[in-house]
Amino acid sequence: MQSGYKARGRRSGMTAALTAVACCAFAGAASAHTDGASVATFSKLEIALDGRIPARCELGRGGRIDLGELTGGETATANLGFECNVPFELSFQSSRGGLAHDTAPNGQGPYAGTLGYSLDIRVPTLNPTPRALQASFNSRALTSRKSISSDGAIAAGGARLQLVTETPTGAGLLAGKYSETLTVTVTPRF
Amino acid sequence: MKIVSLLAGVAAVALTAGVASAQDINRGQFTLGPLPIIGTQHIDVGGPGAGNLIAGLANNATAQNGNSSISAWHAFGNAASDVGTAANNDSATFTIQGTISTDCAYYSGDNTTETFNFGTIGIYASDNTGPNSAFEMVDDAELTINTNLAGCNSNNSVTISRTSADLQNPNTSGFDNTVFRDTLPYSVTARYTGSDFNTGVGGAPVARTQTLAAGAAGSSVQQNGAWRSPMALDVVIPQQPLAILAGTYSGSFSITLQTI
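Residue numbers (numbering that gives the first Met the number 0), protein chains in the order written: chain A, 0 to 189; chain L, 0 to 259.
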């Protein structure tokens, strides 16, 4: 049994390690007889059982989120498959600092070429009581990788990401296609 | 507000089924002896491999036979291996996309056609006017049309065009064409702040003065990158050196903003 954590009943590997003692009585040793009395003897067999549960941290695959026509305030929610049976660190990184125009990310004339967004993260955890790991980032800040730590907790299953686009300012956004790549990485910390 | 929900993958526990080869337990011992000199020997049985499996099965059978002359114990067991790969690091990638449609704007109120009437275009009509000036225009006729919203959010062209080069007079009167004329040429100049066309990068604004000259046929076209600014259209009917035939003069021109 992993210290401090409840072993969840899923068929994923070895059973928890435990030590058990089995005592068996065998009529094997010679018995002593004195003046008609008998003395019981016994043999003892100790059996030690051990196994291991490997550390496992896995994320579900990402996906494609199409926000359609960008007018500002678009919201997208992604429920991400996430399992980690040891304390962990989740990292987030944006490739372009926001949704960027395919060919003119710096814009043209008075029209901007990048639309920023906010990213809210919520991860249910166990420590051993249920809690939630939460954080918020702006897409511009995510151009350098940002991490959040579970502080000793393990994942309770799943993670939720919510993205909300900013409202374009000034003349608005340059016409065209916009895209962004957001990478989520989990690293065990134990 | 648009809400898009995406179920991003599944947790590791739901990976493809099919238990991999187990981490098998095959181990035991049996007793030989007591033998002369060396006494009782405990012989190990089991281990990985087919040969050891056969020996293990035999020893296991002995270990369950209470009538056997050989003491033996044996353990068989296994535990399912990991389903999937127990990765140390893992990552998920989201691709987020959206579009902005091309659009041009020219604010002209609730309609796209406007008519402007100069009224009487002044001419020298007095008997006291010298013969060189009689029936000639007193001065230019001018008109400026302003809007505070014009532009396009992508590469575009601004075109000034007209069906005829001059204002036309349908008066059927004959006239001496060395003295009179029955058309009035006019120019149209568009003034606005544009940008450099198709550079792929943002740049400084570019002041544009685009003119369709008086008497010129065809159109005036200026290409721009995305721009947005007020726009002024200056229409000038210049004073003519010839006398002007009486009648109503009319014409039309268009200003078109179009994405490329």
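Each residue gets a CB set at the ideal place from its N, CA and C atoms; glycine is no exception.
Taking 8 Å as the threshold (C-beta atoms), are residue j and residue i in contact?
i, j, result
"Thr-94 (chain L)", "Thr-102 (chain A)", "no"
"Thr-124 (chain A)", "Leu-118 (chain A)", "no"
"Asp-181 (chain L)", "Leu-244 (chain L)", "yes"
"Leu-79 (chain A)", "Leu-160 (chain A)", "yes"
"Gly-50 (chain L)", "Asn-25 (chain L)", "no"
"Gly-189 (chain L)", "Ile-254 (chain L)", "Gly is not the amino acid found at residue 189 (chain L); the sequence shown has Ala there. Against a cut-off of 8 Å, the Cβ pair of Ile-254 (chain L) and Ala-189 (chain L) comes out as a contact."
"Pro-229 (chain L)", "Asn-145 (chain L)", "yes"
"Glu-68 (chain A)", "Gly-115 (chain A)", "no"
"Gly-250 (chain L)", "Leu-142 (chain L)", "no"
"Ile-99 (chain L)", "Asn-152 (chain L)", "yes"
"Asn-168 (chain L)", "Gly-193 (chain L)", "no"
"Leu-162 (chain A)", "Ala-91 (chain L)", "no"
"Ala-134 (chain A)", "Pro-86 (chain A)", "no"
"Ser-186 (chain L)", "Ala-149 (chain L)", "no"
"Phe-179 (chain L)", "Ala-242 (chain L)", "yes"
"Ser-93 (chain A)", "Leu-141 (chain A)", "yes"
"Val-122 (chain A)", "Phe-189 (chain A)", "no"
"Gln-96 (chain L)", "Tyr-110 (chain A)", "no"
"Asn-84 (chain A)", "Ala-47 (chain A)", "no"
"Gly-108 (chain A)", "Arg-227 (chain L)", "yes"
"Asn-170 (chain L)", "Gly-246 (chain L)", "yes"
"Gln-209 (chain L)", "Ser-218 (chain L)", "no"
What is the residue span of the beta strand (DSSP E) that residue i lies within?
i, result
"Ala-74 (chain L)", "71–76"
"Asp-165 (chain L)", "165–167"
"Asn-193 (chain L)", "First, the amino acid is wrong: residue 193 (chain L) is Gly here, not Asn. Element bounds for Gly-193 (chain L): 186–193."
"Gly-175 (chain A)", "175–187"
"Val-157 (chain L)", "155–161"
"Glu-113 (chain L)", "It is not in any beta strand (DSSP E) - Glu-113 (chain L) carries neither H nor E in the DSSP assignment."
"Gln-107 (chain A)", "Note, Gln-107 (chain A): premise wrong, no beta strand (DSSP E); not H, not E."
"Arg-139 (chain A)", "No beta strand (DSSP E) contains Arg-139 (chain A), which DSSP labels as neither H nor E."
"Asn-126 (chain A)", "No beta strand (DSSP E) contains Asn-126 (chain A), which DSSP labels as neither H nor E."
"Ala-170 (chain A)", "Unbroken run through Ala-170 (chain A): none, as it is neither H nor E."
"Ala-104 (chain L)", "103–105"
Any C-beta of chain D sitting closer than 8 Å to the C-beta of residue i?
i, result
"Ile-153 (chain A)", "No chain D appears in this structure, whose protein chains are A and L."
From the DSSP secondary-structure annotation, give me the bridge partner or partners of residue i.
i, result
"Arg-121 (chain A)", "A:Gln-133 and A:Arg-159"
"Leu-81 (chain A)", "The residue asked about is misnamed: residue 81 (chain A) is Phe in this sequence, not Leu. Answer by DSSP bridge pairing, in chain order: A:Leu-58."
"Asp-89 (chain L)", "A:Val-185"
"Ser-148 (chain A)", "A:Glu-88"
"Leu-114 (chain A)", "A:Leu-98"
"Asp-138 (chain L)", "For Asp-138 (chain L), which the question treats as bridged, DSSP gives no partner whatsoever."
"Leu-183 (chain L)", "L:Leu-166"
"Thr-94 (chain L)", "A:Arg-63 and A:Thr-180"
"Thr-143 (chain L)", "L:Asp-233"
"Ser-93 (chain A)", "A:Leu-181"
"Asn-176 (chain L)", "DSSP, once it has assigned bridges, lists no residue as partnering Asn-176 (chain L)."
"Asn-25 (chain L)", "L:Phe-75"
"Glu-68 (chain A)", "L:Thr-98"
Just list the beta strand (DSSP E) runs in the region 37–62 of chain A, keeping only unbroken ones of 3 residues or longer that don't cross its boundaries, in chain order.
-> Counting only runs of at least 3 residues, the region 37–62 of chain A fully encloses the following beta strand (DSSP E) elements, listed from N- to C-terminal order: 56–58.
Residues of the region 201–214 of chain L with a CB closer than 8 Å to any CB of chain A: list them in chain order, please.
-> Correct list: Gly-201, Gly-202 and Pro-204.
What are the complete alpha helix (DSSP H) segments, minimum 4 residues, inside the region 27–77 of chain L?
-> Runs of alpha helix (DSSP H) with 4 or more residues, each lying fully within the region 27–77 of chain L, are found at 49–62, listed in chain order.
Beta strand (DSSP E) runs contained entirely in the region 188–258 of chain L, provided each spans 3 or more residues = Listed in chain order, the beta strand (DSSP E) elements of length 3 or more contained wholly in the region 188–258 of chain L are 205–211, 218–223, 226–236 and 252–258.
Relative to chain L, which residues along the region 116–135 of chain A have a C-beta separation below 7 Å, given in chain order?
-> Those residues of the region 116–135 of chain A that come within reach of chain L (Cβ to Cβ, closer than 7 Å) do not exist; the list is empty.
Selection of the region 91–107 of chain L by Cβ proximity to chain A, strictly under 8 Å | The region 91–107 of chain L vs chain A, Cβ under 8 Å: Ala-91, Thr-92, Phe-93, Thr-94, Ile-95, Gln-96, Gly-97, Thr-98, Ile-99, Ser-100, Thr-101 and Asp-102.
Determine which residues of the region 225–239 of chain L have a Cβ less than 7 Å from any Cβ of chain A, and write them out in chain order.
-> So the list reads Ala-225, Trp-226 and Arg-227, given in the order they occur along the chain.
Selection of the region 50–73 of chain A by Cβ proximity to chain L, strictly under 8 Å | If the cut-off is 8 Å between Cβ atoms, the region 50–73 of chain A has Gly-50, Pro-53, Ala-54, Arg-55, Cys-56, Glu-57, Leu-58, Gly-59, Arg-60, Gly-61, Gly-62, Arg-63, Ile-64, Asp-65, Leu-66, Gly-67, Glu-68, Leu-69, Gly-72 and Glu-73 near chain L.
Of the residues that make up the region 167–184 of chain A, which ones have a beta carbon closer than 7 Å to any beta carbon in chain L?
-> Those residues of the region 167–184 of chain A that come within reach of chain L (Cβ to Cβ, closer than 7 Å) are Ala-170, Gly-171, Leu-172, Leu-173, Ala-174, Gly-175, Lys-176, Tyr-177, Ser-178, Glu-179, Thr-180, Leu-181, Thr-182, Val-183 and Thr-184.
Residues, ordered as in the chain, of the region 146–158 of chain L that lie near chain A by beta-carbon distance below 7 Å = Cβ contacts with chain A come from Asn-152 and Ser-153.
Taking Cβ-Cβ distances below 7 Å as the criterion, which residues of the region 91–110 of chain A are in contact with chain L?
-> From the region 91–110 of chain A, only Leu-98, Thr-102, Ala-103, Asn-105, Gly-106, Gln-107, Gly-108, Pro-109 and Tyr-110 have a Cβ closer than 7 Å to chain L.
Going along the region 43–55 of chain L in order, which residues come within less than 7 Å of chain A, judged by CB to CB distance?
-> Taken residue by residue, none of the region 43–55 of chain L has a beta-carbon sitting less than 7 Å from a beta-carbon on chain A.
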